[in-house]
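Working notes for the structure below.
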Ligand SMILES: [Mg+2]
């Protein structure tokens, strides 16, 4: 077996581990102007035109996702998992690579997908949503660093993980892990969305989990 190039791989979830962009998906369920309003804000944030903290609350308050919406979203994440992700993650782990997920998405929505990919709960970082006793939207964890532009970098810096660390994702908040030196290398993941500003600043571009596997575990000559 070859030696891994990286000892830790940090994966984004939305538009990386799954084709789904969760907040946009929830907005689509609302339809009409909510969908286009939220889609525009997400695109601005992920391409780096607007800071995440400036759009996070705006998007969620507009959608006000109920518990049943988030359950439906969790099914969508699983139904749209990136092909080859399961195999690639399992092989990385068997080779001794630590694989964690850091997401600016909603924890309750992404956890079923992450568990299906054998992540333990402690290795998944995301934003908690809150509901009232009837399952109506009651807010989100405003104290989470992950609602801000540099939140992924801040979370990663707090973890003691084996280096070198590879961060993989489609968005500007993923790129910020490298810019903040929390990760050693950043790979833009472009299978589902290619954001030119992010890809241009990346050390590497990956279009599939098969490519990720080969990048981290080069085949033996
Ligand atoms: Mg993403």
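Numbering (our numbering), first residue to last: 11 to 231. We treat Cβ as the ideally placed atom computed from N, Cα and C, and that holds for glycine.
Residue 26 and residue 199 do touch by the CB rule: their CB atoms are close to 5 Å apart, below 8 Å. Note on geometry: alpha-carbon atoms of residue 193 and residue 219 lie some 19 Å from one another. Distances from the CB of residue 58 to the heavy atoms of ligand 1 are all 8 Å or more. Taking 9 Å as the cut-off, the Cβ atoms of residue 229 and residue 12 count as close.
Residue 226 is classed as buried because its beta carbon has at least 16 other beta carbons within 10 Å across all chains shown. Contact annotation, residue 208 with residue 113: C-beta distance approximately 16 Å; criterion of less than 8 Å not satisfied. Membership of residue 113 in any alpha helix (DSSP H) is not indicated; the residue belongs instead to the beta strand (DSSP E) covering 108-116.
Residue 56 and residue 143 have their C-alpha atoms some 33 Å from each other.
In this structure, ligand 1 has no non-hydrogen atom nearer than 8 Å to the beta-carbon of residue 217. Linking residue 210 to residue 178 through their CA atoms gives a straight-line distance of about 14 Å.
Not one heavy atom of ligand 1 falls within 8 Å of the beta-carbon of residue 18.
Nearest to residue 130 by C-alpha distance, out of 117, 35, 139, 181, is 117. Distance from the Cα of residue 205 is smallest, within the candidate group 102, 180, 14, 124, for 180.
When secondary structure is reduced to three states using DSSP, residue 77 falls in the helix class. Inclusion of residue 126 and residue 223 in the CB contact set at 9 Å is not warranted, their separation being larger than that value. Here residue 163 carries a helix assignment [DSSP, helix/strand/coil].
Taken from the Cβ of residue 158, every heavy atom of ligand 1 lies 8 Å or farther away.
Looking at the DSSP output, residue 141 sits in a beta bridge with 147.
Shown here, residue 195 sits in a strand according to DSSP, grouped into three states. Residue 30 sits close to residue 83, with the two beta carbons spaced by under 9 Å. For residue 226, the enclosing alpha helix (DSSP H) covers residues 219-226.
Around the CB of residue 217, fewer than 16 other CB atoms lie within 10 Å, so the residue is classed as exposed.
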